[in-house]
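Under this note's numbering, read the sequence shown as residues 166 to 507, first letter to last.
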Amino acid sequence: MARQSVKVAVIGAGAWGTALAVHLARVGHEVRLWGHRPEAMRTLDQARQNQRYLPGIAFPDTLKVEVELAEALQGVSAVLVVVPSHVFRSQLRQLRGFWQDFYALPHFAWATKGFEPDSQLLLHKVARQELGESASMTVLSGPTFAAEVAKGLPTAMVSASKNSHEAEFWAQLFHHDRFRMYTQDDMVGVEIGGAYKNIMAIATGVSDGLGLGANARAALISRGMAEMMRLSHALGGQSETMMGLAGLGDLVLTCTDDLSRNRRFGYKLAKAESGVDRVIAEIGQVVEGVKAVQAVKMLAEELKLDLPIMEQVHALVTESIRPLHAVDALLARSGKAEALQL
């Protein structure tokens, strides 16, 4: 149990937001869960579970479902945003409309992964633009599947903030016998790891869908790590972060397990005759890697970075090439020394 109960608002009631809200409530915090669709929130409140995304996971008594955002924010001392990256800015603007009501809010974090699609900005830069330099900001990331967190299975994450006290606050907020959160200050590296691993999961899903075997999957994961480190270095992140939970940990998890919708997307794309939109519809949830790869493609061109796996995934999701042609393009690259070139 937590040493002290904290009143927390979780903004975003998809699978991940719901799972984190359930965990925080189990730990002993007062949790208010809010999502943007009132009817969906009423359904969650009546069922006392998220039947669409996490069926069978009962809401603890300390988790209150809110239909109105103002009610969700009333009296809280911490806000956790868990919405898709493409609506992150608009969600912050909506929150900012209530900011004077909780302008002294000491703790603000997000567990959203990805880049802002239109600007290609990492989300901590979006948060700075919308909330100001003085706002407390922490990003939570790491190798996690919502269903496993909701079931209370062992989990480890990272809490990253430029303010060490903030990073520690969120780490302690989530701490439980089966939930460990480590702290660090490399927000750039943590955010890149959380976004880029989805691109690599699409690649490994395609590889497995084509039946290319475990050797190919391992090669994609390891060379994907090199690409992640290259991009992190170019944007000011610490390469060492890529070797931790937010980098290697999340990359391995997302690339090797079918709970990953990005991996399933790649697998289905390799198997299907239908196009990208049809496969996304079959998945039934946001496939963050499709949006992330388009942002990274633009960044790579701007920064003149060589990210070959990303290039082929981009060609796949824009339907410029077929899956087998993407593999051929990667295999046709000339050999070179393996030493990491940042």
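Note that the Cβ used here is the ideal one computed from N, Cα and C, for glycine as well.
Whose CA, out of the options, lies closest to the CA of residue i?
{"i": "Val-458", "options": "Met-365, Leu-400 and Arg-261", "result": "Met-365"}
{"i": "Val-175", "options": "Val-230, Val-323 and Asn-363", "result": "Val-230"}
{"i": "Phe-224", "options": "Arg-382, Ile-367, Lys-362 and Gly-182", "result": "Gly-182"}
{"i": "Ala-243", "options": "Gly-262, Ala-274, Arg-388 and Pro-249", "result": "Ala-274"}
{"i": "Ala-383", "options": "Leu-396, Met-394, Ala-368 and Leu-209", "result": "Ala-368"}
{"i": "Lys-462", "options": "Ser-170, Pro-473 and Gln-450", "result": "Pro-473"}
{"i": "Gly-177", "options": "Val-196, Ser-170, Gln-169 and Val-192", "result": "Val-196"}
{"i": "Val-323", "options": "Leu-305, Glu-392 and His-330", "result": "Leu-305"}
{"i": "His-289", "options": "Val-246, Arg-343 and Ala-321", "result": "Val-246"}
{"i": "Thr-421", "options": "Tyr-347, Glu-476, Asp-373 and Pro-271", "result": "Asp-373"}
{"i": "Asp-210", "options": "Gly-193, Tyr-218 and Val-232", "result": "Val-232"}
{"i": "Val-192", "options": "Gln-294, Thr-208 and Val-173", "result": "Val-173"}
{"i": "Lys-456", "options": "Ser-439, Glu-467 and Met-475", "result": "Met-475"}
{"i": "Leu-253", "options": "Glu-295, His-272 and Gly-221", "result": "Note on identity: in this sequence residue 253 is Phe, with Leu being the wrong assignment. Out of Glu-295, His-272 and Gly-221, Glu-295 has the C-alpha closest to the C-alpha of Phe-253."}
{"i": "Leu-468", "options": "Lys-433, Glu-484 and His-398", "result": "His-398"}
{"i": "Gly-409", "options": "Met-346, Met-206 and Val-444", "result": "Met-346"}
{"i": "Tyr-218", "options": "Gly-449, Glu-484 and Asp-493", "result": "Gly-449"}
{"i": "Arg-198", "options": "Val-248, Pro-220 and Gly-221", "result": "According to the sequence displayed, residue 198 carries Leu and not Arg. Comparing Cα-Cα distances from Leu-198 to each of Val-248, Pro-220 and Gly-221, the minimum goes to Val-248."}
{"i": "Ala-460", "options": "Leu-287, Val-241, Ile-486 and Arg-207", "result": "Leu-287"}
{"i": "Arg-343", "options": "Lys-316, Trp-335 and Arg-443", "result": "Lys-316"}
Considering only the beta carbon of each residue, do residue i and residue j sit closer than 8 Å?
{"i": "Pro-488", "j": "Ala-411", "result": "no"}
{"i": "Asp-351", "j": "Gln-403", "result": "yes"}
{"i": "Leu-228", "j": "Ala-190", "result": "yes"}
{"i": "Ile-111", "j": "Val-417", "result": "The structure shown does not extend to residue 111, since the chain spans only 166 to 507, so no value can be given for it."}
{"i": "Asn-363", "j": "Thr-419", "result": "yes"}
{"i": "Ala-311", "j": "Ala-180", "result": "yes"}
{"i": "Ala-491", "j": "Ala-480", "result": "yes"}
{"i": "Gly-414", "j": "Phe-430", "result": "no"}
{"i": "Ser-326", "j": "Thr-303", "result": "yes"}
{"i": "Ser-250", "j": "Lys-278", "result": "yes"}
{"i": "Glu-333", "j": "Ser-301", "result": "no"}
{"i": "Leu-470", "j": "Leu-396", "result": "yes"}
{"i": "Leu-400", "j": "Ile-357", "result": "yes"}
{"i": "Val-441", "j": "Val-478", "result": "no"}
{"i": "Ala-184", "j": "Val-314", "result": "yes"}
{"i": "Glu-281", "j": "Val-291", "result": "yes"}
{"i": "Tyr-432", "j": "Gly-370", "result": "yes"}
Taking all protein chains shown into account, decide if residue i is buried (16 or more other Cβ within 10 angstroms of its Cβ) or exposed.
{"i": "Met-166", "result": "For Met-166, the predicted structure reports a pLDDT of 40, less than 50, and the residue's modelled location is therefore unreliable. The matter cannot be settled from this model."}
{"i": "Asn-215", "result": "buried"}
{"i": "Gln-349", "result": "buried"}
{"i": "Val-187", "result": "buried"}
{"i": "Asn-427", "result": "buried"}
{"i": "Ala-446", "result": "exposed"}
{"i": "Arg-202", "result": "exposed"}
{"i": "Gln-169", "result": "exposed"}
{"i": "Leu-257", "result": "buried"}
{"i": "Leu-238", "result": "buried"}
{"i": "Gly-378", "result": "exposed"}
{"i": "Pro-308", "result": "buried"}
{"i": "Glu-392", "result": "buried"}
{"i": "Gly-376", "result": "exposed"}
{"i": "Leu-424", "result": "exposed"}
{"i": "His-272", "result": "buried"}
{"i": "Gly-240", "result": "exposed"}
{"i": "Ala-235", "result": "exposed"}
According to DSSP, residue i sits in a beta bridge with which residue or residues?
{"i": "Ala-243", "result": "Val-173 and His-272"}
{"i": "Trp-199", "result": "Ile-176 and Glu-231"}
{"i": "Leu-305", "result": "Ser-324"}
{"i": "Phe-280", "result": "Leu-287"}
{"i": "His-341", "result": "Phe-344"}
{"i": "Gln-349", "result": "Ala-325"}
Does the segment 248-266 come close enough to the segment 319-339 that 3 or more CB-CB pairs lie under 8 Å? no
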